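Here is the structure we will look at, set down as structure tokens.
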Amino acid sequence: MPPAKVPPRRVTLRDVAARLGVSPATVSNAYNRPDQLSPDLRARVLKAARELGYSGPDPLARSLRRGRSGVIGVVYDSPLQSAFADPAASLFLGGVARAVQEEGLNLLLLAGAGEAEPSPVTAASVDGVILYATTGASPALAAARARALPAVLVDQAPQEGLPLVGIEDEEGAHAAARHLRDLGHREVGVLALPLGGEGTPNAHIRARLEGYRRGLEGAAGLHLCESPDNSPESGAHLTRGLLAAHPGVTALLCMSDVLAQGALRAAADLGRSVPGDLSVVGYDDIPSSAALGLTTVHQPTEDKGTHAGRAMLALLRGETPESVRLPTRLVVRGTTAQA
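In structure tokens form, the structure reads like this:
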């Protein structure tokens, strides 16, 4: 009977230290506290580790030792697949990732939950949560408070004791509506993001709607259509229905560029010239909007994510970050004209 094979000995942190003639603490710092080493020394440590087959400290043991998982949760209240289809959400997540990866942290995308459902935050192995466009009644916020997790709010109403990162939603919407009013439009349709029922609990949507109303004060008609989701298909469907019900509408205010792109598609299908017969204004200024010549409201979406990530890092350091509201601006392109 052949002798049993002896498994190879696992390479350890001390083996890497011995190869380089440095202390085990130096090797540990290369993974856990890279700011303590010069870039050259850290590169030498990581190179030696690769050559020896050392993959780094055990992540579970490290998280138990530090009392942290090294993961930040981002709560997205819409279906998770929407986060990958929504260009604005993708830009936001990219900004968050850029900020936290500088400190060696990772992101975990968490689904929102209905008010009667338990939030994934309750059991998630995260060090803190960023709540993206959730409502004040969100179970995720209640779960974060119950666990005493650091939390950052994004695009929602202020909550006592929590940092908020947002944009000047109402001002941007007001500028868009005023632009149409100055062009002579008096019958205007609004393609709204999901309003969330009575009282519109989504603060950024409520702010945009108020901005539209202020900017169009004195206009003959403001026709509101609520979209079930943020998709070009919904934008196109709502546009067809709105123009059929209100043929006098000469302009559309869309709460997202995605809805606006659907509106442009519907206008083309209906033979309505843009901007000759119908002016269209979006919101967000996602990358594809420039190529379409879409007049829209620019928001610094990626910067918003970076600010949210940095606020979370500050909380984890025991600091108290200030709330931030970033400016918006109207970008006039080729989809608006005189009524």
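Read left to right, the sequence shown gives residues -4 to 334 (my numbering).
Where is the CB? At the ideal position from N, CA and C, for every residue including glycine.
Just so it is clear, the structure is predicted and the values come from calculations on it, not from any experiment.
How far does the alpha helix (DSSP H) with Ser23 in it reach, from first residue to last?
If you number the sequence shown from 1, residue 23 lands on position 28. Element bounds for Ser23: 19 to 27.
Identify which residue in Asp298, Glu317, Thr296 has its Cα closest to the Cα of Ala306.
To locate residue 306, count along the sequence shown from 1; it is residue 311. Comparing Cα positions, the closest option is Glu317.
Do you know whose CA, among Thr245, His302, Ala80, lies nearest Asp272's CA?
In the sequence shown, counting from the first residue as 1, residue 272 sits at position 277. Out of Thr245, His302, Ala80, Thr245 has the C-alpha closest to the C-alpha of Asp272.
Taking the Cβ atom as the reference point for each residue, do Val276 and Leu186 lie within a distance shorter than 8 Å?
One-based indexing of the sequence shown puts residue 276 at position 281. One-based indexing of the sequence shown puts residue 186 at position 191. Against a cut-off of 8 Å, the Cβ pair of Leu186 and Val276 comes out as no contact.
For Leu8, collect the residues of the same chain with a Cβ closer than 8 Å to its Cβ; drop the 5 residues on either side in sequence, then sort them by chain order.
To locate residue 8, count along the sequence shown from 1; it is residue 13. Excluding positions up to five away in sequence, the list reads Pro19, Val22, Ser23, Tyr49, Pro52.
Asp279 in three-state terms, based on DSSP
In the sequence shown, counting from the first residue as 1, residue 279 sits at position 284. Three-state result, Asp279: strand.
Going by DSSP, name the residue or residues bridged to Glu221.
Indexing the sequence shown from 1 puts residue 221 at position 226. Ala187, per the DSSP bridge assignment.
Should Asp122 be labelled buried (16 or more other beta-carbon atoms within 10 Å of its own) or exposed?
The residue you call residue 122 lines up with position 127 of the sequence shown. So Asp122 counts as buried.
Any idea what DSSP makes of Val91, helix, strand or coil?
Residue numbering aside, residue 91 sits at position 96 when the sequence shown is read from its first letter. In this structure, Val91 counts as helix in the three-state DSSP scheme.
Thinking just about the alpha-carbon of each residue, which of Leu238, Asp81, Ser64 is nearest to the one in Tyr71?
Looking up residue 71 in the sequence shown gives position 76. Looking at the Cα atoms, Asp81 is the closest of the given residues.
Which residue from Ala262, Ala13, Gly216, Gly167 puts its Cα closest to that of Thr330?
Start at 1 with the first residue of the sequence shown, and residue 330 comes out as number 335. Here the closest residue by C-alpha is Ala262.
Per DSSP, which residues does His293 bridge with? Please list them.
On the sequence shown, position 298 is the one that residue 293 refers to. Its beta-bridge partners are Asp279, Arg324.
Start and end residues, beta strand (DSSP E) containing Ala146
Position 151 of the sequence shown, counted from the first residue, corresponds to residue 146. Ala146 -> beta strand (DSSP E) spans 146 to 149.
Closest to Glu166 by CA distance: which of Leu32, Ile200, Ala106, Asn101 is it?
Taking the first residue of the sequence shown as position 1, residue 166 is located at position 171. Comparing Cα-Cα distances from Glu166 to each of Leu32, Ile200, Ala106, Asn101, the minimum goes to Ile200.
Under the rule that 16 or more other beta-carbon atoms within 10 Å means buried, what is Asp35, buried or exposed?
Taking the sequence shown and counting its residues from 1, the one referred to as residue 35 is at position 40. Its Cβ having fewer than 16 others within 10 Å, Asp35 is exposed.
Beta carbon of Arg39, beta carbon of Leu75: below 8 Å?
The count along the sequence shown starts at 1 and reaches residue 39 at position 44. The count along the sequence shown starts at 1 and reaches residue 75 at position 80. No, these two residues do not count as a Cβ contact at 8 Å.
Closest residue to Leu204 among Leu233, Glu182, Ala168, Ala231 (Cα-Cα distance)
Translated into positions along the sequence shown, residue 204 becomes position 209. Cα-wise, what sits closest to Leu204 is Ala168.
Count the C-beta pairs between the stretch 155 to 163 and the stretch 94 to 110 that are closer than 8 Å, then say yes if the count reaches three, no if not.
They do not touch, by the three-pair rule.
Who are the Cβ neighbours of Arg320 in its own chain at under 7 Å, not counting the five residues just before and after it?
Working through the sequence shown from its first residue, we reach residue 320 at position 325. Counting only Cβ-Cβ distances below 7 Å, and skipping sequence neighbours, we find Gly161, Ile162, Glu163.
Express the C-alpha separation of Leu311 and Ser284 in angstroms, rounding to a whole number.
Within the sequence shown, numbered from 1, the residue matching residue 284 stands at position 289. Within the sequence shown, numbered from 1, the residue matching residue 311 stands at position 316. A straight-line Cα-Cα distance of about 37 Å links Ser284 and Leu311.
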